[in-house]
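Note that the protein sequences, when read in sequence, are chains Z and P. Taken in order, the first sequence gives residues 5 to 127; the numbers are from my numbering. Taken in order, the second sequence gives residues 37 to 552; the numbers are from my numbering. Using N, Cα and C, we set each Cβ at its ideal position, and we do this for glycine too.
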Amino acid sequence: MSKLYFTKDHEWLSVEGSNATVGVSTYAAGQLGDVVFVELPQIGKTVKKGEDIAVVESVKSASEIYAPISGEITAANEALEDAPETVNEDAQGAGWFFKMTIADASELSGLMDEAAYGEFTRE
Amino acid sequence: MAMNSTGRPTAPANQNDAGQDVKTFSGSRGLLQQEPLLHEVGGLEKCGVDFPPIPDCKSRLDGLERDNKIGLPGLSEPEVLRHYVRLSQRNYAIDLGLYPLGSCTMKHNPRLNEKVVRLPGFADIHPLQPQSTVQGALALMGEVSHWLMAITGMDAVALSPKAGAHGEWCGMMCIREALKDRGEVDTRRRVLVPESAHGTNPATAAACGFEIDELPADVTGRVDMDVLRTKIGPDVAAIMLTNPNTCGLFERDICEIADLVHEAGGYFYCDGANLNAIMGKTRVRDLGVDAMHINLHKTFSTPHGGGGPGAGPVVLSKRLSAYAPLPYLKADGDSWTLVEDAAQSEAKPFGRMSAFHGQMGMFVRALAYMMSHGADGLRQVSEDAVLNANYLLACLSDEMSPAFDGACMHEALFDDAFLKDTGVTTLDFSKAMIDEGYHPMTMYFPLVVHGAMLIEPTETESKESLDRFADTLLALAKAAKSGDRERFVTAPVLAPLRRLDETRAARSPVLRWAAD
Chain Z
5 MSKLYFTKDH EWLSVEGSNA TVGVSTYAAG QLGDVVFVEL PQIGKTVKKG
55 EDIAVVESVK SASEIYAPIS GEITAANEAL EDAPETVNED AQGAGWFFKM
105 TIADASELSG LMDEAAYGEF TRE
Chain P
37 MAMNSTGRPT APANQNDAGQ DVKTFSGSRG LLQQEPLLHE VGGLEKCGVD
87 FPPIPDCKSR LDGLERDNKI GLPGLSEPEV LRHYVRLSQR NYAIDLGLYP
137 LGSCTMKHNP RLNEKVVRLP GFADIHPLQP QSTVQGALAL MGEVSHWLMA
187 ITGMDAVALS PKAGAHGEWC GMMCIREALK DRGEVDTRRR VLVPESAHGT
237 NPATAAACGF EIDELPADVT GRVDMDVLRT KIGPDVAAIM LTNPNTCGLF
287 ERDICEIADL VHEAGGYFYC DGANLNAIMG KTRVRDLGVD AMHINLHKTF
337 STPHGGGGPG AGPVVLSKRL SAYAPLPYLK ADGDSWTLVE DAAQSEAKPF
387 GRMSAFHGQM GMFVRALAYM MSHGADGLRQ VSEDAVLNAN YLLACLSDEM
437 SPAFDGACMH EALFDDAFLK DTGVTTLDFS KAMIDEGYHP MTMYFPLVVH
487 GAMLIEPTET ESKESLDRFA DTLLALAKAA KSGDRERFVT APVLAPLRRL
537 DETRAARSPV LRWAAD
């Protein structure tokens, strides 16, 4: 069973064992408006928590995607390069950005669960 | 009806407008002409002028001749002229009405500028002419330099940058060169950029090879000083600060910011795009600035460079003066020289930014503007620009929601809180302004404000003009709140085209015309 976490930067992580899949939340995708371009991180890159590693560009703005935790990038969703609209259509599913290993599981404790994130976005 | 991806009508106005169901044979509607592309007006088989036959000659291109047709359409003079006049009639211009585009300073361009710039001594000279034959033009550049240094109190000015971002690049290259001289270019890698700075600032720092470190804004919309103190350190090359910032606010702690950066051994780049709010009131030198660009095409009229290139001269502190790019002006009594070559230079220029000395037409217009206003007039420009923005801020606060408390500088910033639960977005609101005959304000910028609407009226609008504009916006805001969502989501209905599909334009742009 995977467990879902959220960051204050409106990213989600689905954690399964020592691996995580990362994307932007449905709420964030709605706020961004139509996504027109996605720049993905390099596979094999070691990233530190908080480092900006990808870009999402919409008709309104360009925003950075930060590494929600430290680890190594193991996969990137190249389908987004040709179909960035997937981010709007299915942000927390087919619109995932990248997969990564979890270097330090204790970093997960600083993140929100779905209920806490729902509260966070209501503000 | 054709809709774009956000569910707004995209069909041309002349197909769907109420009461406009008359179909014409030409596609034109009375005086509103249907305008095709130049490629569709002209033809490859046509030629607009008579050329004499090409005499027999020996080609020196050695097999590099073009072997296909270039594909330019043949057009007559009236065809070209009518094309551009028709397009201009569909355009919105500062000469048509108030142009509230925030951060762009769309002020009236005095016609005196245009008269002076067309004098043959300025208009009909060439940058490759011997310098002895253009002494008057060089003297004018010297005079512009003098005014810019007097206004800012700075030690030197580089005239050649062609626009704001080009000027930023010039200033940051001077800083890089100074760090190189100090042997610290590899250790000072970080440039601090507040999130309320112009978007070009981080881009410039990155283009110069620096790493960007973003500074958050505090609740008042200004640099968060506590965060700044934690981020400052021996690896900081510079801070790039816009003042007044893009929230239209004066950075009150600017002197302390300069001190902190200087104590840590870094430089202070100030984005001067908003000089229109402080010129004659605040001396840039006294703020501790090391480099700042001045957009001649904003502060000194000719908004947006009149559609042509702008000019972004950079004023420099004593610490950076030696690194100014080539060519630069040197006076010897009444005689002027452009120093073109690093070998002739006594300074340490970082290089050259453009083929020639800068944008002559903008120098002439800016000097005409500065001299016709005089020192007291330029001070009043700043005062009136700030007064006009605050007048609008006060008028509009009745129905719209200011992003921050208190007075603003030369632009008034609103968020979309007043549109909450109306189903109307900032974009819809802006499109409705087009139906009312106004160019929309800057929207969704700065990014720190939700659904931002940034309004800069400039000093050249009269109170009557501001009142008309404010009444229109107030009426629109009331309409949105009273549930008239239809007016907004269908807008614009009175423009030559309806809502454009920005998403499709960004996702699958057609960048090149091709014959079918």
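request  = Output the boundary residues of the beta strand (DSSP E) element that contains G75/Z.
outcome  = G75 to A80
query = Which residues, in chain order, does the stretch 532-545 of chain P contribute to contact with chain Z at a C-beta distance below 8 Å?
reply = E538, T539, A542 and R543
query = Secondary structure at V417/P, three-state DSSP: helix, strand or coil?
reply = helix
ask   = With a cut-off of 8 Å, does the C-beta of Y480/P fall near any C-beta of chain Z?
value = yes
task = Taking C-beta pairs closer than 9 Å, name the residues in chain P that S1/Z reaches, listed in chain order.
result = Absent from the model: residue 1/Z. The displayed extent of chain Z is 5 to 127, so no value can be given.
message = Measuring CB atoms only, is the stretch 333-341 of chain P touching the stretch 142-157 of chain P, in the sense that at least three cross pairs come out at less than 8 Å?
response = yes
ask   = Taking 8 Å as the CB-CB limit, is V40/Z close to chain P?
value = yes
V227/P - containing beta strand (DSSP E), residue span = R226 to P230
message = Suppose the cutoff is 7 Å on Cβ atoms and the five residues either side in sequence are ignored; what does the same chain contact list for S22/Z look like?
response = T105 and I106
inquiry  = Please confirm whether P88/Z has its beta-carbon closer than 8 Å to some beta-carbon of chain P.
reply    = yes
request  = Would you mind working out which of A383/P, F392/P and F304/P sits nearest Q167/P, comparing C-alpha positions?
outcome  = F392/P
query = Roughly how many angstroms separate the alpha carbons of V59/Z and L251/P, rounded to a whole number?
reply = 19 Å
Proximal residues to Y305/P (C-beta, below 6 Å), its chain only, five neighbours per side dropped = G207, A274, M276 and A327
query = Does the beta carbon of A159/P sit closer than 8 Å to a beta carbon anywhere in chain C?
reply = Included in the structure are the protein chains Z and P, with no chain C among them.
ask   = If we ignore side chains and look at the alpha-carbon of each, how far apart do V58/P and R65/P end up?
value = 9 Å
ask   = In the structure shown, what three-state DSSP assignment does R65/P receive?
value = strand
query = For the alpha helix (DSSP H) that H25/P lies in, which residues bound it at each end?
reply = Since the first residue of chain P shown is 37 and the last is 552, residue 25/P is not available in this structure.
message = Extract the residue ranges of the alpha helix (DSSP H) inside the stretch 7-74 of chain Z, only unbroken runs of 4 or more that lie entirely within it.
response = 30-36
key: Three-state class that DSSP yields for V263/P in the structure shown   = helix
ask   = Can you tell which of E82/Z, Y9/Z and H14/Z has the C-alpha that lies nearest to the C-alpha of E43/Z?
value = E82/Z
task = Go through its chain and collect everything with a Cβ distance to A404/P's Cβ below 6 Å, but skip five positions before and after it.
result = L148, N149 and V152
task = Name the two residues that bound the continuous beta strand (DSSP E) containing Y305/P.
result = Y303 to D307
task = Give the range of the alpha helix (DSSP H) segment to which S113/Z is assigned.
result = Careful: S113/Z lies outside any alpha helix (DSSP H) and carries neither H nor E.
key: Assigned secondary structure, I427/P (DSSP; H/G/I helix, E/B strand, else coil)   = The sequence shown places Tyr at residue 427/P, rather than the Ile named in the question. Note: Y427/P maps to helix in three-state DSSP.
message = Which same chain residues end up closer than 6 Å to K7/Z when comparing Cβ atoms and leaving out the 5 residues on each side of it in sequence?
response = V19
message = Looking only at its chain, what residues have a beta carbon closer than 7 Å to the beta carbon of V422/P, apart from the 5 residues adjacent to it on each side?
response = A313, M445 and H446
inquiry  = Am I right that S112/P and G79/P are in contact with their C-beta atoms under 8 Å? What's the rounded C-beta distance?
reply    = Wrong, their Cβ atoms sit about 11 Å apart, outside the cutoff.
Close-in-space but distant-in-sequence residues of the same chain around G189/P (CB under 8 Å, 5 per side omitted) = R319, V320, R321 and D322
task = State whether the stretch 125-142 of chain P contacts the stretch 464-484 of chain P, with contact taken as three or more CB pairs (one from each stretch) at a distance under 8 Å.
result = yes
key: Whole-number beta carbon distance between R523/P and P45/P, since they are thought to touch under 8 Å   = The Cβ separation is near 13 Å, so there is no contact.
task = Output the boundary residues of the alpha helix (DSSP H) element that contains H75/P.
result = L74 to V77
ask   = So is Y120/P buried or exposed if we call it buried at 16+ other beta carbons inside 10 Å?
value = exposed
ask   = How would you call G55/P, buried or exposed, if buried means at least 16 neighbouring beta carbons within 10 angstroms?
value = For G55/P, the predicted model reports a pLDDT of 46, less than 50, meaning its position is unreliable and no value from the coordinates is stated.
task = Determine, using beta carbons only, whether A383/P and A367/P come nearer to each other than 8 Å.
result = no
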